[in-house]
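In order, the protein sequence lines correspond to chains S and Z.
Take the first sequence: its position 146, counting from 1, is numbered 146 in our numbering, and each next residue is one higher.
So our numbering is basically just the index in the second sequence, starting at one, shifted up by 159.
One structure is given here, and the rest of the page talks about it.
2 protein chains.
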Amino acid sequence: MRRTHFTEMNCSVAQTLEIVGEWWTLLIVRDALFGVTRFDDFQNRLGIARNILTLRLETLVDHGVMVKDQYQDKPIRYDYRLTKRGKDLWMVIAAMRQWGDIWLADGGPPLEFVHRTCGCSMTIQPVCSACAHVVDRESLSSIPGPGASREDLPPGPSR
Amino acid sequence: MRRTHFTEMNCSVAQTLEIVGEWWTLLIVRDALFGVTRFDDFQNRLGIARNILTLRLETLVDHGVMVKDQYQDKPIRYDYRLTKRGKDLWMVIAAMRQWGDIWLADGGPPLEFVHRTCGCSMTIQPVCSACAHVVDRESLSSIPGPGASREDLPPGPSR
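Now the structure itself:
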């Protein structure tokens, strides 16, 4: 019931959550972005039940977020690596991390990021792709896009 | 078991997922960002079971993401509004939307965003808060932050 409903929503947020909305899934992607590829390494780092991890990895492979390569015959073992589509999730993870750093990390951010080009410890700032100025929520309005359907448009003042 | 484990992870991504990692939660926040405040409006838009919606809204209130205000006596009815903390989730939603627009929206983005300041249809570009240049995943390295604990550091080359 629930999954069907998500798939039917004509909204890119809902479609994305359909694939990565389960807690473990995004933590698997987080660790994959840090270079983890092996089943046992994911399992050890996350403390996730093996059957759940198997299911989540298969879902990610099915949706083209990861690919798996066999690296051992007996027993059969696979490496799991992010595809371009998967690596592109870094912004979602980064946005979550920054929100958690600001609002939940009482002892300060567990991790900081350094921009290699300038060498500085930094956060990600969102700018407009058209004018390059920093944007915030209040400076954006939404309008129907090419994939819009009438019943899925947002209500209210932001529309 | 699972929840306990999440809370114990010293990682801002995991802490954030602890609050907003459930599918419906982020769609509730999405709609709240569009101006939805009433229980029945959330329920109608999302098609979510009333008892689940009640639980999710209470979780968001408990974690300071939303506040509720009584607007009617008989029967008692509440408005739910995002706090500063809640509004600040817009970047997480925006990052998910952009990923879905690129990788999942076969008919094109259902919604587009206009930057009011410049009047252009736009996407959000991530730039470095220090040098203002556009960043991508490859240009960032992670280092231990003030809240780091040894066992929670990421492995591998990105560290």
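No residue lacks a Cβ here, since even glycine has one placed at the ideal position from N, Cα and C.
Remember, it's a predicted structure, so these values are computed and weren't measured experimentally.
Cβ-Cβ distances below 6 Å link S:V134 to Q125, V127 in the same chain, with the five nearest sequence neighbours on each side left out; the list follows chain order. The CB of S:T123 comes closer than 7 Å to the CB of S288 in chain Z, given here in chain order.
Distances from the alpha-carbon of S:Y78 to those of S:R137, S:T117, S:E8, S:F42 put S:F42 closest. A distance of 8 Å or more separates the beta carbons of S:A130 and Z:H222. The count of Cβ pairs closer than 8 Å, one atom from the segment 102-112 of chain S and one from the segment 264-278 of chain Z, stays below three, leaving the stretches out of contact. From the listed residues Z:V226, Z:D260, Z:A264, the smallest Cα separation to Z:F198 is found for Z:V226. Z:I235 sits away from Z:V188, with the two beta carbons spaced by 8 Å or more.
Note on Z:S308: under 16 other CB atoms within 10 angstroms of its CB, so exposed under the neighbour-count rule. The beta carbon of Z:K233 does not come within 8 Å of any beta carbon belonging to chain S, so the residue lies off that interface.
For the pair S:N10 and Z:T196, the Cα-to-Cα distance works out to about 21 Å. Put simply, the CB of Z:T166 is far from chain S, with every gap to its CB atoms at 8 Å or more. Just so you know, the alpha carbons of Z:F193 and S:Q70 end up roughly 46 Å apart.
Excluding residues up to 5 positions away in sequence, M225 lie with their Cβ nearer than 6 Å to the Cβ of Z:L219 in the same chain.
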